[in-house]
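Chains as they are written, first to last, in the numbering used here: chain A, 1 to 114; chain B, 115 to 225.
The following block contains the structure:
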């Protein structure tokens, strides 16, 4: 199993540009989570999906952020327009349907907005 | 919002020593999980302890849970340089459907 795959690993963009982060969860996992990590705020849960359906997006900071999961093997997190304060490491994680399942994290996308 | 808070924020020890990290949380839980994060990598699940368990072992890891004090501790025995990483505790959100992480303890083990 290749684990959770995120792309790109690094993204540098200018303020105002659109940014799209991608995630491929582990096959067979029913839950997909997007987290953001910064030194100041630690790991923040942005949104999560169950069987491709968004369940809780209360952590999405603003309307500039959107996430989709068109099928069980792919999810995107989009920021439009991007701002310098969006600079962070964005993690995708997936888990199975079993109760108390641990999360499997990708290696993250480091986003820098200048 | 953070559910778990780790203490200390940073810990430096010598190889062979034991490392203890603590986690406090606010609301009732079904389980508490510990994760490790190496620099530049994603988090890796270490161990899960259920609310009806008081202690759990996995190799050199020992986790305790005190639900009356809403606290947990992670003990790494006979630490190695490879244990250098950040360690996070995580508990469920109010709906019990997603994990909320603390800010972590950064452990540095020198040889």
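Just so you know, even glycine gets a beta-carbon here, dropped at the ideal spot from N, CA and C.
At 9 Å on the CB atoms, spell out the chain B contacts of residue i, in chain order.
{"i": "residue 42 of chain A", "result": "116, 202, 215, 216, 217, 218"}
{"i": "residue 91 of chain A", "result": "156, 157"}
{"i": "residue 45 of chain A", "result": "207, 212, 213, 214, 215"}
For the beta strand (DSSP E) holding residue i, just list the boundary residues, first then last.
{"i": "residue 174 of chain B", "result": "It is not in any beta strand (DSSP E) - residue 174 of chain B carries neither H nor E in the DSSP assignment."}
{"i": "residue 136 of chain B", "result": "133-139"}
{"i": "residue 29 of chain A", "result": "Neither: residue 29 of chain A is in no beta strand (DSSP E) and is coded neither H nor E."}
{"i": "residue 190 of chain B", "result": "185-190"}
{"i": "residue 94 of chain A", "result": "88-95"}
{"i": "residue 57 of chain A", "result": "That residue, residue 57 of chain A, is in no beta strand (DSSP E); it is neither H nor E in DSSP."}
{"i": "residue 71 of chain A", "result": "65-71"}
{"i": "residue 110 of chain A", "result": "109-113"}
{"i": "residue 128 of chain B", "result": "124-128"}
{"i": "residue 193 of chain B", "result": "Looking at the DSSP string, residue 193 of chain B is not in any beta strand (DSSP E), and its letter there is neither H nor E."}
{"i": "residue 4 of chain A", "result": "Neither: residue 4 of chain A is in no beta strand (DSSP E) and is coded neither H nor E."}
{"i": "residue 220 of chain B", "result": "219-224"}
{"i": "residue 118 of chain B", "result": "118-121"}
{"i": "residue 13 of chain A", "result": "10-13"}
I believe residue i touches residue j by the beta-carbon criterion, under 8 Å. Please report the beta-carbon distance rounded to the nearest angstrom.
{"i": "residue 75 of chain A", "j": "residue 31 of chain A", "result": "That pair is no contact at about 11 Å."}
{"i": "residue 114 of chain A", "j": "residue 40 of chain A", "result": "At roughly 19 Å, the Cβ-Cβ gap does not stay under 8 Å, so residue 114 of chain A and residue 40 of chain A are not in contact."}
{"i": "residue 193 of chain B", "j": "residue 120 of chain B", "result": "Actually they are not in contact, since the Cβ atoms of residue 193 of chain B and residue 120 of chain B sit about 17 Å apart, beyond 8 Å."}
{"i": "residue 17 of chain A", "j": "residue 84 of chain A", "result": "Their Cβ separation, rounded to whole angstroms, is 12 Å, which puts residue 17 of chain A and residue 84 of chain A out of contact at 8 Å."}
{"i": "residue 199 of chain B", "j": "residue 166 of chain B", "result": "Actually they do not touch by this definition, with Cβ atoms about 29 Å apart."}
{"i": "residue 24 of chain A", "j": "residue 4 of chain A", "result": "7 Å"}
{"i": "residue 11 of chain A", "j": "residue 111 of chain A", "result": "5 Å"}
{"i": "residue 77 of chain A", "j": "residue 67 of chain A", "result": "5 Å"}
{"i": "residue 91 of chain A", "j": "residue 156 of chain B", "result": "6 Å"}
Does the Cβ of residue i have 16 or more other Cβ atoms within 10 Å, making it buried, or fewer, making it exposed?
{"i": "residue 196 of chain B", "result": "exposed"}
{"i": "residue 35 of chain A", "result": "buried"}
{"i": "residue 19 of chain A", "result": "buried"}
{"i": "residue 86 of chain A", "result": "buried"}
{"i": "residue 126 of chain B", "result": "exposed"}
{"i": "residue 38 of chain A", "result": "exposed"}
{"i": "residue 211 of chain B", "result": "exposed"}
{"i": "residue 133 of chain B", "result": "buried"}
{"i": "residue 183 of chain B", "result": "exposed"}
{"i": "residue 96 of chain A", "result": "exposed"}
{"i": "residue 172 of chain B", "result": "exposed"}
{"i": "residue 100 of chain A", "result": "exposed"}
{"i": "residue 144 of chain B", "result": "exposed"}
{"i": "residue 204 of chain B", "result": "buried"}
{"i": "residue 154 of chain B", "result": "exposed"}
{"i": "residue 7 of chain A", "result": "exposed"}
{"i": "residue 115 of chain B", "result": "Because the pLDDT at residue 115 of chain B is just 46, under 50, the model does not fix this residue reliably, and the value given afterwards should be weighed accordingly. Its Cβ having fewer than 16 others within 10 Å, residue 115 of chain B is exposed."}
{"i": "residue 219 of chain B", "result": "buried"}
Just list the residues that DSSP pairs residue i with in beta bridges.
{"i": "residue 151 of chain B", "result": "B:157, B:200"}
{"i": "residue 47 of chain A", "result": "A:34"}
{"i": "residue 20 of chain A", "result": "A:78"}
{"i": "residue 42 of chain A", "result": "A:38"}
{"i": "residue 164 of chain B", "result": "B:145"}
{"i": "residue 205 of chain B", "result": "B:146, B:214"}
Starting from the beta carbon of residue i, find every residue of chain A whose beta carbon is closer than 9 Å, and list them in chain order.
{"i": "residue 155 of chain B", "result": "105, 107, 108"}
{"i": "residue 211 of chain B", "result": "31, 48, 50, 55, 56"}
For residue i, which residues in chain A fall below 8 Å Cβ to Cβ?
{"i": "residue 162 of chain B", "result": "100, 102"}
For residue i, which residues in chain A fall below 7 Å Cβ to Cβ?
{"i": "residue 147 of chain B", "result": "102"}
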